[in-house]
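So the number in the working numbering is just where the residue sits in the sequence shown, counting from 1, plus 1.
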Amino acid sequence: MRFNKAKAVSQRPDVLVLEDDASLRSNLATNLRSAGLAVVEAETCEDAVRLVREEGPSVIVTDLNLPDGNALGLLPRLRRIDAAIAIFVITAYGTIDVAVRAVKGGAENVLTKPIDVGALVTGVRHAIDERGRVQTGMRPRITTGPFMSTSPAMRGIEAQVERLRDADCSVLILGETGTGKSVLARRIHRVGARGAKPFVDVNCAGLSRELVESELFGHERGAFTGAQATKEGLFDSANGGSLFLDEIGDIDLAVQPKILKVLEDKRFRRMGDVRERAVDVRLLAATHQDLLDAIENKTFRADLFYRISTVTITIPSLKDRPEDVLPLTRHVLGGLGAGDVDIADDARDVLLAHPWPGNIRELKNVIERAVLLRSGDMIQAEDLRFDTRGSKPVVTVDRSPDTMKDLEREHIVRTLTRENGRVEAASRVLGIPRSTLYQKLRTYQIDVSKLRKGGGTGGDPGDEPGA
């Protein structure tokens, strides 16, 4: 008999398990219940949508492919009902390219079959804990998340976000394309008082005046040619939460005073409507442009700039923080369900030497492609391809032995210095076993004691060879 209705529970469920394979669904639900979690089960996308509305689970664990659709189409529907819900997608190894799109679409994580139940339970508990902190006013803890940063610059940004958790001001995020501005905006939203409310984002680049005005403020039927029905704007959708305007520097000059009015008066009009509507939205904005230059060139209003830049955060480019490249790579692999894939030494050399003009976005694309192209359980240098056609291996630096050894030695010294000479901590940052790091210390004749503050001999327990 097919399973068509969800099993009800008297309390609000922690987890909704969405899986059409009855055996796998039952197994997942049993393991989650054994961990003390309240679980409901569903077989179809429509059942899941209904249950999210009626039961309000904190987490969904869903198979990628379902009888009436797939997780890629379901994600946005669930986010519209509950913006804070955490979604874990289950996929087979052969569908990892689709899983990449699931992560980009907002999935919390991707789990590869066969499922590591321990890792699933840990991830679900963490997601429930974070949601609970939001609902009790504690707000989520800062986690490394997609930045996975060890560099001083990014640690400084983390500290700045932490200080903003009790603020409700506008924030302007500056940085090159691909540095993670939208990810940082979402994090600022999540840790703030509005974290359980909607987070709505729009990329303003290339939008005409009419289109951006319609998107932001909405319109009434007949407001302009083609407006055949009333449309709610993004300020409406974000009411109570945060609205993120990516590439705000591209917004038409004629629309800018209308945005300023909303921020100052907390009221706006839809296109074609005479009525004013009240709205309560926190504005987050980002741009790769120099807005002060834009003000001089009269393409951006000074009053709007000062209104949106109460706090300004600048994200450095990836080439200026090479120590983040390998931790970011490991994070990308984990998000793809490929956390057990190793990286060969020559591939590490290429990753560290590349200037990353596309920043984190480029890194993610390179790693995603390498996961698909690799022939074994290890990514080799020849798997790393930079051009979008995927036809040429990366050849961006002098790969002579001396050059690569100097580069690796410099990277190890920089990491150890930042970690105050703690070998165990440095090995975690570098993504290599402690024994391998000790071998490299001997090879490059690096004296760890000289890298500790004050030149002391202290370090983490176990920071000795063979410990």
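Don't be surprised by glycine CBs; every beta carbon is placed ideally from N, CA and C.
Whole-angstrom distance between residue j and residue i, CA atom to CA atom
{"i": "His-289", "j": "Leu-327", "result": "25 Å"}
{"i": "Ser-436", "j": "Asp-69", "result": "51 Å"}
{"i": "Asn-204", "j": "Phe-387", "result": "25 Å"}
{"i": "Arg-134", "j": "Ala-87", "result": "Only weak support is given to the placement of Arg-134: the predicted model assigns it a pLDDT of 49, under 50, and the question is left unresolved by the model."}
{"i": "Leu-364", "j": "Leu-73", "result": "23 Å"}
{"i": "Ile-447", "j": "Arg-453", "result": "12 Å"}
{"i": "Lys-451", "j": "Ala-348", "result": "29 Å"}
{"i": "Val-90", "j": "Arg-375", "result": "23 Å"}
{"i": "Ala-43", "j": "Ile-309", "result": "44 Å"}
{"i": "Ala-427", "j": "Ile-249", "result": "39 Å"}
{"i": "Leu-208", "j": "Glu-369", "result": "29 Å"}
{"i": "Pro-356", "j": "Asp-350", "result": "12 Å"}
{"i": "Arg-268", "j": "Arg-195", "result": "19 Å"}
{"i": "Val-342", "j": "Val-41", "result": "33 Å"}
{"i": "Leu-305", "j": "Arg-278", "result": "21 Å"}
{"i": "Asp-15", "j": "Glu-47", "result": "19 Å"}
Simplified DSSP state of residue i, which is helix, strand or coil
{"i": "Arg-474", "result": "It is not possible to answer for residue 474, since the shown part of the chain is limited to 2 through 468."}
{"i": "Ala-375", "result": "The sequence shown places Arg at residue 375, not Ala. Arg-375 falls in the coil class under three-state DSSP."}
{"i": "Leu-17", "result": "strand"}
{"i": "Asp-384", "result": "helix"}
{"i": "Ala-43", "result": "strand"}
{"i": "Leu-185", "result": "helix"}
{"i": "Asp-83", "result": "coil"}
{"i": "Val-111", "result": "strand"}
{"i": "Asn-366", "result": "helix"}
{"i": "Phe-225", "result": "coil"}
{"i": "Asp-341", "result": "coil"}
{"i": "Thr-418", "result": "helix"}
{"i": "Asp-202", "result": "strand"}
{"i": "Thr-92", "result": "strand"}
{"i": "Gly-219", "result": "strand"}
{"i": "Leu-173", "result": "strand"}
{"i": "Gly-207", "result": "coil"}
{"i": "Glu-425", "result": "helix"}
CB contact below 7 Å: residue i versus chain C
{"i": "Glu-221", "result": "Looking at the structure shown, chain C is missing, and only one protein chain is on hand."}
Limits of the beta strand (DSSP E) - the one that residue i falls within
{"i": "Thr-180", "result": "Note, Thr-180: premise wrong, no beta strand (DSSP E); not H, not E."}
{"i": "Asp-167", "result": "No beta strand (DSSP E) holds Asp-167; DSSP gives it neither H nor E."}
{"i": "Val-312", "result": "312-315"}
Residue i: first and last residue of the uninterrupted alpha helix (DSSP H) it sits in
{"i": "Asn-240", "result": "Neither: Asn-240 is in no alpha helix (DSSP H) and is coded neither H nor E."}
{"i": "Asp-64", "result": "Here Asp-64 belongs to no alpha helix (DSSP H); instead the beta strand (DSSP E) covers 60-64."}
{"i": "Pro-434", "result": "Taken as a continuous stretch (DSSP letters only), Pro-434 belongs to no alpha helix (DSSP H), as it is neither H nor E."}
{"i": "Val-326", "result": "326-336"}
{"i": "Glu-30", "result": "The amino acid at residue 30 is misidentified as Glu; the sequence shows Ala. Start and end: 23-35."}
{"i": "Val-351", "result": "346-354"}
Checklist entry - Is there contact here, the stretch 190-204 with the stretch 374-386, by at least three beta-carbon pairs under 8 Å? => result Contact fails: fewer than three Cβ-Cβ distances are below 8 Å.
Item to check | Start-end ranges of the alpha helix (DSSP H) lying completely within the stretch 245-304, minimum 4 residues | outcome: Those alpha helix (DSSP H) runs which fall completely within the stretch 245-304 and span 4+ residues are 257-266, 292-297.
Next on the checklist: Whether or not the stretch 332-341 and the stretch 293-304 are in contact is what I'm after, with contact meaning three or more pairs of Cβ atoms, one per stretch, closer than 8 Å; do they touch?
Outcome noted: Flag = no, the stretch 293-304 and the stretch 332-341 do not touch.
Checklist entry - Does the count of Cβ pairs from the stretch 276-289 and the stretch 238-250 closer than 8 Å reach three? => result Yes, the stretch 276-289 touches the stretch 238-250.
Checklist entry - Does the pairing of the stretch 49-57 with the stretch 26-34 give three or more beta-carbon distances under 8 Å? => result At 8 Å Cβ cutoff, the stretches do not touch.
Checklist entry - Three or more C-beta pairs closer than 8 Å, one from the stretch 311-319 and one from the stretch 157-176: is that the case here? => result Contact between the stretch 311-319 and the stretch 157-176 is present, because at least three Cβ pairs lie under 8 Å.
Next on the checklist: With a threshold of 8 Å, are at least 3 pairs of Cβ atoms found where one atom belongs to the stretch 213-229 and the other to the stretch 253-263?
Outcome noted: Yes, they touch.
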